[in-house]
Every structure is written in C-alpha cells, then in structure tokens.
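Engineer:
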Amino acid sequence: MKPFYRLKLIILTVFLGSAAFAQNNYNTVVVTDTIPINFENKYNISGVSIIPFTERIVLRDSLLKRFTDYQFNYSTATFTLSDSLPYSIFDTLYVTYQAIKLSLKKEYKRRSLVIRYNKKIGDTVRVSQIEDAGFTPEAIFGPGIQKSGTLIRGFTVGTTKDFSLNSGLRLQLSGKLSDDIEIVAALTDENTPIQPEGNTERLEELDRVFIQIKHPNAIGTFGDYQLQNRTGEFGVINRKLQGLMGQFMVGDQSGYFSIASSRGKFNTNRFFGTDGVQGPYSLSGINGEKNIIVIAGTEKVYVDGILMVRGENKDYTIEYANATITFTPKVLIISASRISVDFEYTDRRFARNFLGVGASSKFFDDKLSVGFQYLKEGDNENSPIDITLSEKDKQIISDAGDDRFKAVKSGVSLVEPDSLGNVKGIYSAADTLISGEPFTYYVYNPGDSTAIYNVSFSYVGEGNGDYIREAIGDFKFTGIKQGSYLPIIFLPIPQETQLGNLVVNVKPFENVSLSLEYAGSLFDQNKLSSIDDGDNYGYATNIFLNVKPSEVRLGSVNLGKIGFSYKDRFIKNRFSTPDRINAVEFDRYYNIQSSGKKEDESLREIKLNLIPVNEFNLMTSAGFLRKGDSFKSDRFNNVLRIGNSKTYNINYNLDYVKSENSNITSKWLRQQGNGYLVFWKLKPGVEFISENKREKKGGKDSLLSSSLKYLEVDPYIELININGFKAGAKYSLRDDYFPLDGLMQKEARATTKYLELGYSDIKEFNTVFNLTFRNKKFTDVFKQQGRLDNQTILVRSNSKFKFWEQILNGDMFYEVSTKMSAKLEKVFVPVESGTGNYKYLGDLNGNGVPDENEFELTLFDGDFILVTIPTDKLFPVIQLKTSTRWKIKYAEIFDRKSIWGKILKPLSTETVWRVEEDTREEDFSKIYLMKLDFFQVEGKTIRGSNFFQQDIWLNENSQNLSFRFRYAQNRRMSEFNSGVERGYNRERSLRIRFRMIKEWRNQTDIINTTDNVSAVAVSNRNRLITDNSIVSDFSYRPGRTLEVGFKFKVGRSEDSFPEIPTVIDLNSQSLRFNLSFTGKGRIRIELERTELISNTNENFIPFELTGGNQLGKNYYWRLNFDYRIASFLQTTVSYDGRWQGEGRVVHTARAEARAYF
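Reminder that position 709 of the sequence shown reads as 1085 in the numbering used here, one-by-one numbering, no gaps.
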C-alpha cells in the first residue's frame, strides 16, 4: 500500500505546485522601465514591490551582472551602478522585473514643487502646485460626470436593540463617458415601498433605480424602466418593468429586447359617474378584486374620451394604495360622464415575468419596411409572494381548469384550543331556514363562548354575495344575494399571455401606404392545469390602406386636397393582447354591449377626407362591425370643420350607429357642435350635444330601458387677457329623457353655471377662481319612481397677496365640492420595534381581537402605528376646505416719526384660520356659506376641524427684548366606525425673549393649554386635561463656537375626566453644552431630569398627561457628535440613555458615516 500512498503524494504535490504557480502568475506582473543615466548614480524603479532577484538590467545590449555590475536595494526599490562599469551620460538602462500587483502608488503627495517661467520678472521660479487627489468625487467618477447623492454606513446597538448595521446608497449620475457614450443612472440599495402621492402632475418615484448607457447606435438600460412600444395594430405594450432592456438603431434597422419582472397586471375599468359625486371612485382588478395597489404613474384617466391630467390643481388625484380616484372641481362629473381608466396593479399573488423582442427594417428608400414583435408576460407559479399554496390547494387549481369559480375553498375553519384548552374564535355559527331549506350563516361575535370559528371572506361582486363588510374582519350576513362577500377563499390562478405579430408596410407612391399585419396569441388562463388548454390560441389580421390628403387637379382646376383610408381587421374570438388596442371609446362608437362570451370580430372602415380650402375640412367615414352571427353594427360619421381657429371656428360632428344584437335593434344618433367668433378681446360661442338612442326588442314598438335621449346647449363667452385679467362664463341647459312604460318621457332638466376668473399681472397679487353650480330637477313622473333632485357645487379659489412692501402679506384658499365619503376605521399596524408610537398591552378583554383600548401611546420602543382606512359604505357629502393667513407689520403703516408710527413701531400680528368639513348636510348653502352652527354636527359630520391662531408680537425681530402673545384653538370631530370622537385644544401663551448682556440670553414661556377628547366609552382616549406651566431657557454664549444652556420647567396638569381628578405636578431641569468646530462639526451634550408627582395611582393616566414620562423621576442623557472629515465625508456619533421611574437603564448608541457626491 505504501507505493500507492507515495503515488498519491506525488500527484498531489504536482497539482498543488501548479496551482501555486498559477496563483503566483496571477498575482504578479512583469514591468519594464527605461531609465537614462544620471550623475547621481541612483536609479529608482517605478514598481512599488519588486520580487527580489527577478530583475534584468541591460546596458548597451549587454546584460549586467548582479553584485558585480550593480547593487540593488530591494527595500527602497533603488539600485546603483558599479564605478568600474564603463558607460556614458547619453546611455539608457532597460530594467525588467516582476512585481506584486498592488493598487498602491509609490508616493502620495498633496503638493509638488514645479519650475515655471514668470513673465513679470523674466525668469523661472519654483512654485507649489496642488496635485489631483485620488479620493475625491472627481477622481472617482471623472470630470465630465454630473453626480449627486449619498453613501451611508453605520450601526445601531442598545439595551432594547440588537446590534444592527445600517447602510444606504442614493446616487444620481449623468454625463459623457466619451464623445459617443453617455451615462444616466439612479442607484440605491434602499428598499422604499412607499408609493408616491398621486396629487401632483409629476411623481417623485423614490424607488426608481436604473443605469442607462446611451450611444448613437444603441441604448442599454438596467433596472427600472418604462417600456412603451407599438408595432402595428395589435403589438401594443406599455409597462413599468424591472430588468434589462437593450435598443439599437443602425441605419434603417432598429430593434429592442426586454427581459424583466413585471410590476403588475394591466386592466381597464369603465364606469359612469354619479350626479354630485366627484369621487372617490374605486378601481378593481381583472376579476373584480378590491384589495389592489395601483402601480404609481401607470394610470391613464379619460372622461368622455378626453385624457385627464393628474394633480390637485389639474383634473384628478389618485390614492395608489387604496386604488381610488377623485376628480377636482375643474372637471364636473355627472351621471352621464363616461370614465375609463387604464392602469397597472399588483395583488401580490405571484411574481411576474416579462420578455419582449422587436425589430424593424426599411428597404428601398423606405418604400418597404418589415417589423415584428414578440411579447410574453405571465405569473411565475413557483414564486408566490403573499400566499402559500399547499399541495391540496394546487390540486384544486389544477382541477379547476380555466374556471375561476372552481378554484375556491371554504373560508370557514374551526379554531384549535390554546395551551389552556380555551377556544377563542371570532365567529359563531347560526342555523336558520330560508325558503324552507336549512341554512348556516356566521355571526361576528369575538369573545363569546360560541365563537369557535375563524372565517375568511372574499369579494364576489355587488348582489352576488350574502355578507357585507362592516369593518376589517367584521362581516355581517344580510341575506342570500343581498351582499357582496361570501365565506370562501379564491385560490390565485397563475396565468400567461404570449403575443407575436408581423407587420409589412409598403409605400408604392408618395403619400400612399399599405400595411399588412398578422398576429397570434397564446393565453393560458391556468398554468397549473392542462384542462381547457385547447382554446389558448387565437389570431388576428389587419389590412390598412392610407392615402394622405394630397392635392387633386382636374385640368387647371384645383379641387383641393383629398385623403382616403380603408381598414379591414379580423380578430379571432380566442385572440388576446396584453394591452388595450382599440380607441378608448371604441365600444361606444359601435354600441358594443359587454358580454361574457367572446366571438369572432370583423371590422371594415372606410374614410374620406375632403379639404377644398385650408379653412374647410370634411371627414366622412363608414364602419361595419360584425361579432359572430349575433351582433352587427353599422356606423356612419361625418366631421365638419370650418375656420382658422384664430378669428372664428365651427365644428360639427354627426354620428349615426345602427346595430343588431340577437333580437334587439338599436338606432343611435349623436350630434355635437361648437362655434365661436373672436373680436377685440371677446370670444363668444355656443356648444351643443345631442343623443337619441332607441333600442327595441324584436318587432315591438316599446323602448328598452337601455334607450336614452338628451339635448344640451351651452352658450359661453370668454374675456381674453386684458392686462393679466382673464374671465369666462358659460351657461348649460340639459334635458334628459328616459323610457317609461316603453315610451320616451322627459326625465329631468339640469342647469349648470360656470364662472372662471384669473388675475396675475402684478407681483403683489394673483388669484384664480373657478365656480361650477349644477342643479338637476326631475319631473314629477320620475320623482314617483324614487328619483331625487340633486345639486352639485364645485368652487376653488386661491389668492396670494403682498401689499405695500412688507405691511400686509398672506393668502386665501377656498374649495367646495360634492363627493362620496366613508367613515374611518382605526387600524394598528405592526412595525419594527422603536419605529412606532404605540405598544400592545395584550388581549385585556379576552375576546381574541386587538381592540383600540388595548393599545397605548409610548414615547420609546413602540412597535405599532395607527392608520385610518375608509370603510366600505360611502355617503354623499359636501366637502369644504378653506384657510387664510394674514401677516401685518404696523410699523410700516404710518410715518415712523409720527406719534402713531412710534406707538405702532414694535407691533406686528399674524392670523391663521383653517376650516375643513365633510358632512352629509343636505342643505349645501349652510356649508358653502360657512354657517358654522351647522358644522360638526353628530349624525351628519364625518370629519371636521376648525383651527384658529392669533399671534401678536412686540419687537418681533429684536434680539434684546421681544414678546409674543399667542391664542390658538382647534375644535375637531370625526365619525369612526366605532363611534364619534370630539376634540378640543386650546393654547394661551406668552413668550418673552431678552438678552441680559451680550453673552446671556433667555427665553421664557408661560403656557396654559387645554386638551379635551370625548370618545366612545370603550376607548381609553377620553380626557379633560388642563395644563399650566412655565418654561425658561437660559443660554450663555461666550463665543461663536461655544454655548452652554440651562432650562427648567415647572407645571401642573389636571385630568378632570375621572371621578377623582388626576393631578400631576411636574418639575424638569436640563443642562446642555454645545461646542462647534468651525467648518468641521460640533458636539452636543445634554442632561435632563424630569420628575412627575401624582395625587393618585388608581386612575388611568393618558399619555397626553405625562408626555411619555413615567411617574417619579426620569433621567435622560444624550451625546451627539458630528464631524466633517472632508468636504464630502461626514461622520455622526450619538448616544442616548434614559432611566424612567422604577424601570431599568436603557442605552442606545448609533454611529454613521455619510459620503456626499
């Protein structure tokens, strides 16, 4: 056996030796230096770390001998030549050696001594020159790169916190890497799940991370990006993605590829508005899911086919987390408003993958072009997000095929006993008879001995369920098909869509083009099931001939321009696309009624455009749509435009649609017109819109309820800009008709008044005012059918002023709108310990449900936060928001030398008043006319507040002596699902600032506050607190860099809500020390002692009474140290300690380094 072991040893030695040799070669580099002969006979090599005895020195083509011809000092990387060696001052040494790879320079220096010629003295001088630093943003990124951002590294450790590392990177780059290559990047390693607020036109997407490299022939993007592409009629894609995208443009060839994860699913919601309701309007998922999150910035909102703009001062705002849209007063929403919303959303079921490839080429001077695109998007069934699927669940999904309603399981589960044998469920079962059949339903009954079930409910649509949602987790049985929820769980079904299309475009003549397109799709509605996979494939074709308007002459007669187009499109019933391909109002154009059954669709459209002169344009078109054998629709449309848009204009649109759907015939006539004339600064005009839709069944004469008729006439006048002043007024009269007993009868008349004013000519004052008032009254016949008159009031006014220099400045804001609103529900959400402001006291009442009175406010170590979410039930309300601020400096009103000028010189005031009200008050005038007696009324007000603050200053900006008198008051009311909560806060205070001597300053506050809250009995928020306190802060500043301060506070707080009032006496002292290092940093040390003495320990003591302190003595000590090591590098060290009452001492330390770019 020994020879075998020797053989193994030899082989192992050979392999290890070769590996070591490979590693040695990998870590070394061969360097060759060219060094001229010098008089000092001392030569330095460029390498930092030479490997001894590897050098080869050549002089006059001869290899020099070590120790004989030269001496080498390996520690200093220098050598000298022997005196006996023959050489000349004009000779050159060639030194070759091996050196270890090190990212180090041989020397580092901030400055170097250089010789420069000085023109003034006519001679050379030695000057100090600053060298380029190696560790600067310019050295890292290069001089041509614009950069900004921060790099953060730190740690936190404490008594109640484990050691944790904190890191963060936010970096933005842009600039040219070379003449042809440009970089744009936004980088971060932070996870920011916060959705931006949907109340601005431009969103601040904090979580967008990407790197983009641009070249004249290619663009590469890695990270977050928006893919927008349209290839032909069917290849439409618009997605927010995370991954890799490449684009190339070389001559007449272009293309792209995209490999990414898709953030969400695409969906379109279409619905009508409601009279008097600006919002919120809820969005839902593909299957009607309600608990969705809209991907920020993906929505496109249309009203009557017109694209809206997001923003509080624009058309609409959106709550991405709640998936709701509210329209601003600029857009009037009525029952006839057609609202369409395209958006992407996530339901956090599965991760989604996306693959896209597309290319196009042009040939024969753009006369022929060919393009193709392939898209694949779907759920990753092996990567669930917020769900866990058991093998049984997967089997249910597999057996369901494409039927979503088969992929369900019961939401009822029996609660297992706890360690003590107690069964704490949420729901009790109740048995009853419905239509003589036994039926079991479930009752929300936490804490009851019969509550032995936990039940999960799913939304199934209005009128399809048996329960309604009262609150989170609280569902109420309302009867069979009388609700919108069922005690079932829909299992998520992973799906996938694939689309490929080929487009050929031919331009045989100038202004003439022909497009041929074929597309195929695969839509797998259940990737976990092979059932029903036979209907996954579908295809579509499109032929489009277009002749752009071109001049036509008949002999010497110019007939003007004539354009023509023809479209022939076929879509197989199983064909599907990832995005919407039709126009927003395509279904309305052809009177297509939504139905669950998909049928083959063929569409033929022909258009003729006549432009005999530039100010006359007639476009006439005809379209023929067929869906299977059951639906056909013929549309004839004529659009006439006369005018030059500057002095006069007339538009008229005539649209006629005749359709047949099974045995229902429909004739729909639509007309719309607008005309105006401009003279001087006036623009009078009139608009009108009319529709008459008559639908009948079979050969009967009775009209169906889907018929409609209305006529609206809108005369208007505009005053064009006159020295910054603009105005516009419009009056609208609309008559609606609706079939009753098969006959069209007048239903209602609506009158609407519009007024818009604006002024912005001077910098001292600008204002915008918009008013819309709509009054809709139903006829007596329809009032008997339950229709109610309604009003819509939309007002928005915003003014800013600054008069007489600094004497008076302020602003005024007023907004009124009618909308829908819901009661709010308080929800406590768990967060990381130390980042919340509530702590859970435990299941105090033993009902197994965390109730509001089981959470307590805390100053430290909170692990819950309080959020309010709207309940399902909405109420029509009128909402008012108004505020004003006035700042007056009386010293500037009168001559400073006059008596009044001297008296009023030190006086200045600021007044703030803000009122907000959401109320169900039916008499709107009581609200918009601000009759405050009708504000904050129980049973009507859902949310309301009235805040007033008055400040009076004497010598406001004086450093020697100043006074501030403040009176502030806030009355508020909120109706939660648990009951009504009222609050009242008041502050009366005096602040005195004075400087005793140059180094000593003091600020003293004498404060009286009231904090009253009236809530439901089970809440722990009831309180009647009165607080009186004196706070005095002394500051000693002997120099600009040093400050020592002492602060004391004494006061008494009394809560009169308990039968025996709680009285707490407080005394607090704190000492601080601040030392600044000019231009570098500062250190702050603070010590604080606070003592609370209570007259009783029996009462519940609210957080607001103690301010987070414990009864007894509380000690706090804090240390903060900030230091800037370099112009772009800053460090922070902090330490906090506390000892509250009888508790233990708690320490927390943090350290952080932050680099700025």
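A virtual CB, placed ideally from N, CA and C, is assigned to each residue, including glycine.
Looking at the strands, I want to know which residues DSSP matches up with residue 558.
Structural biologist: Taking the sequence shown and counting its residues from 1, the one referred to as residue 558 is at position 182. According to DSSP, residue 558 bridges with 552 and 590.
Engineer: Mind pulling the beta strand (DSSP E) runs of 3 or more residues that sit fully within the stretch 1110-1164?
Structural biologist: 1119-1138 and 1141-1154
Engineer: Which stretch, first to last residue, makes up the alpha helix (DSSP H) that contains residue 1304?
Structural biologist: Within the sequence shown, numbered from 1, the residue matching residue 1304 stands at position 928. Taken as a continuous stretch (DSSP letters only), the alpha helix (DSSP H) holding residue 1304 covers 1301-1304.
Engineer: Round the Cβ separation of residue 588 and residue 551 to the nearest angstrom and send it over; I've been treating them as touching at under 8 angstroms.
Structural biologist: To locate residue 588, count along the sequence shown from 1; it is residue 212. To locate residue 551, count along the sequence shown from 1; it is residue 175. The beta-carbon distance between residue 588 and residue 551, rounded to whole angstroms, is 12 angstroms. This is too long to meet the 8 angstroms contact definition.
Engineer: Using CA atoms only, rank isn't needed, just tell me which of 886, 655, 549 and 530 is closest to residue 741.
Structural biologist: Reading the sequence shown from its first residue, position 365 is the one you call residue 741. For the residues 886, 655, 549 and 530, the minimum Cα distance to residue 741 belongs to 886.
Engineer: What's the C-alpha gap between residue 1535 and residue 447?
Structural biologist: Nothing in the structure corresponds to residue 1535, since the chain is present only between 377 and 1533.
Engineer: Under a Cβ-count criterion, where at least 16 other Cβ atoms within 10 Å of its own Cβ denotes burial, should residue 705 be classed as buried or exposed?
Structural biologist: Here residue 705 refers to the residue found at position 329 when the sequence shown is read from its first residue. It counts as buried.
Engineer: I need the DSSP call for residue 1416, collapsed to helix, strand or coil.
Structural biologist: Reading the sequence shown from its first residue, position 1040 is the one you call residue 1416. Residue 1416 falls in the coil class under three-state DSSP.
Engineer: Return yes when the Cβ of residue 1187 is within less than 8 angstroms of the Cβ of residue 1175, no when it is not.
Structural biologist: Taking the first residue of the sequence shown as position 1, residue 1175 is located at position 799. Taking the first residue of the sequence shown as position 1, residue 1187 is located at position 811. Yes, the pair counts as a contact, with Cβ atoms nearer than the cut-off.
Engineer: Please report the straight-line C-alpha distance between residue 504 and residue 547, rounded to a whole angstrom.
Structural biologist: Stepping through the sequence shown from its first residue, residue 504 is reached at position 128. Stepping through the sequence shown from its first residue, residue 547 is reached at position 171. One C-alpha to the other measures close to 35 angstroms.
Engineer: What is the residue span of the alpha helix (DSSP H) that residue 1482 lies within?
Structural biologist: Taking the first residue of the sequence shown as position 1, residue 1482 is located at position 1106. Where residue 1482 is concerned, the enclosing alpha helix (DSSP H) stretches over 1479-1482.
Engineer: Taking all protein chains shown into account, decide if residue 1372 is buried (16 or more other Cβ within 10 angstroms of its Cβ) or exposed.
Structural biologist: Counting from 1 along the sequence shown, the entry for residue 1372 is found at position 996. By the 10 Å Cβ count, residue 1372 comes out exposed.
Engineer: Determine the direct distance from the alpha carbon of residue 1059 to that of residue 1095, and round the result to whole angstroms.
Structural biologist: By 1-based counting over the sequence shown, the position of residue 1095 is 719. By 1-based counting over the sequence shown, the position of residue 1059 is 683. About 6 angstroms.
Engineer: Determine the burial state of residue 771: buried for a count of at least 16 other Cβ atoms within 10 Å of its Cβ, exposed for fewer.
Structural biologist: Here the question's residue 771 lines up with position 395 in the sequence shown. Classification of residue 771: exposed, given that the 10 Å Cβ count is below 16.
Engineer: If you run the structure through DSSP and keep just helix, strand and coil, what is residue 769?
Structural biologist: Against the sequence shown, residue 769 aligns to sequence position 393. Helix.
Engineer: By the 10 Å Cβ neighbour count, where 16 or more other Cβ atoms means buried, how is residue 1550 classified, buried or exposed?
Structural biologist: Outside the displayed range of the chain (377 to 1533) lies residue 1550, so it cannot be described from this structure.
Engineer: Is it the case that the Cβ atoms of residue 926 and residue 938 are separated by a distance below 8 angstroms?
Structural biologist: What you label residue 926 is simply residue 550 of the sequence shown in a count that begins at 1. What you label residue 938 is simply residue 562 of the sequence shown in a count that begins at 1. It is a contact, given that the beta carbons lie within the stated cut-off.
Engineer: In angstroms, rounded to a whole number, what distance separates the CA positions of residue 1476 and residue 1484?
Structural biologist: Here residue 1476 refers to the residue found at position 1100 when the sequence shown is read from its first residue. Here residue 1484 refers to the residue found at position 1108 when the sequence shown is read from its first residue. Roughly 14 angstroms separates the two Cα atoms.
Engineer: Just tell me which of 1346, 1344, 1345 and 1329 has its CA closest to the CA of residue 1338.
Structural biologist: For the purposes of this step, residue 1338 is taken as the residue at position 962 of the sequence shown. Ranking the options by Cα distance to residue 1338, first place goes to 1329.
Engineer: Between residue 1041 and residue 980, what straight-line distance do the alpha-carbon atoms span, to the nearest angstrom?
Structural biologist: Start at 1 with the first residue of the sequence shown, and residue 1041 comes out as number 665. Start at 1 with the first residue of the sequence shown, and residue 980 comes out as number 604. Going by the C-alpha atoms only, they are around 20 angstroms apart.
Engineer: Given this structure, state the Cα-to-Cα distance separating residue 994 from residue 564, to the nearest angstrom.
Structural biologist: Position 618 of the sequence shown, counted from the first residue, corresponds to residue 994. Position 188 of the sequence shown, counted from the first residue, corresponds to residue 564. Approximately 55 angstroms between the Cα atoms of the pair.
Engineer: For residue 1073, which residues from the same chain have a beta carbon less than 7 angstroms from its beta carbon, with the 5 sequence-adjacent residues on both sides left out?
Structural biologist: Reading the sequence shown from its first residue, position 697 is the one you call residue 1073. So the list reads 1039, 1040 and 1080, once near-sequence residues are dropped.
Engineer: From residue 1533 to residue 560, what distance separates their C-alpha atoms?
Structural biologist: Looking up residue 1533 in the sequence shown gives position 1157. Looking up residue 560 in the sequence shown gives position 184. Near 15 angstroms, if we compare the C-alpha coordinates of residue 560 and residue 1533.
Engineer: Taking DSSP as the reference, what is the three-state secondary structure of residue 962?
Structural biologist: By 1-based counting over the sequence shown, the position of residue 962 is 586. Three-state result, residue 962: helix.
Engineer: What's the C-alpha gap between residue 998 and residue 773?
Structural biologist: Position 622 of the sequence shown holds residue 998. Position 397 of the sequence shown holds residue 773. Spanning the two alpha carbons is a distance of roughly 46 angstroms.
Engineer: Quick check: what's the CA-CA separation for residue 816 versus residue 1228?
Structural biologist: Position 440 of the sequence shown, counted from the first residue, corresponds to residue 816. Position 852 of the sequence shown, counted from the first residue, corresponds to residue 1228. Distance between the alpha carbons of residue 816 and residue 1228: 31 angstroms.
Engineer: Just how far apart, CA to CA, sit residue 420 and residue 466?
Structural biologist: By one-based count along the sequence shown, residue 420 stands at place 44. By one-based count along the sequence shown, residue 466 stands at place 90. Their backbone Cα atoms lie some 18 angstroms apart in a straight line.
Engineer: What did DSSP end up calling residue 328 once you bin it into helix, strand or coil?
Structural biologist: Look at the range of the chain in this structure, 377 to 1533, and you will see that residue 328 is not part of it.
Engineer: Using beta-carbon positions only, say whether residue 725 and residue 669 come within less than 8 angstroms of one another.
Structural biologist: Position 349 of the sequence shown holds residue 725. Position 293 of the sequence shown holds residue 669. No.
Engineer: Compare the Cα-Cα distances from residue 1308 to each of 1205, 888, 1036 and 1258 and report the closest residue.
Structural biologist: Against the sequence shown, residue 1308 aligns to sequence position 932. The option with the nearest alpha carbon to residue 1308 is 1258.
Engineer: Whole angstroms are fine: how far does the CA of residue 526 sit from the CA of residue 535?
Structural biologist: Your numbering for residue 535 matches position 159 in the sequence shown. Your numbering for residue 526 matches position 150 in the sequence shown. Answer to the nearest angstrom: the Cα atoms are 29 angstroms apart.
Engineer: For residue 1169 and residue 1132, what's the separation of their Cα atoms in angstroms?
Structural biologist: Against the sequence shown, residue 1169 aligns to sequence position 793. Against the sequence shown, residue 1132 aligns to sequence position 756. Going by the C-alpha atoms only, they are around 14 angstroms apart.
Engineer: Just the C-alpha distance for residue 1384 and residue 1289, rounded to the nearest angstrom, thanks.
Structural biologist: Along the sequence shown, read from residue 1 onward, the residue named residue 1384 stands at position 1008. Along the sequence shown, read from residue 1 onward, the residue named residue 1289 stands at position 913. Going from the Cα of residue 1384 to the Cα of residue 1289 covers about 20 angstroms.
Engineer: Which full runs of the beta strand (DSSP E) of 3+ residues lie inside the stretch 1419-1494, going along the chain?
Structural biologist: 1438-1453 and 1457-1470
Engineer: What does the Cβ neighbour count give for residue 652, buried or exposed, with the cut at 16 atoms within 10 Å?
Structural biologist: Here residue 652 corresponds to residue number 276 of the sequence shown, with the count starting at 1. Buried: at least 16 other Cβ atoms inside 10 Å.
Engineer: Would you call residue 608 buried or exposed, if buried means 16 or more other Cβ atoms sit within 10 Å of its Cβ?
Structural biologist: For this step, residue 608 is matched to residue 232 along the sequence shown. Residue 608 comes out buried.
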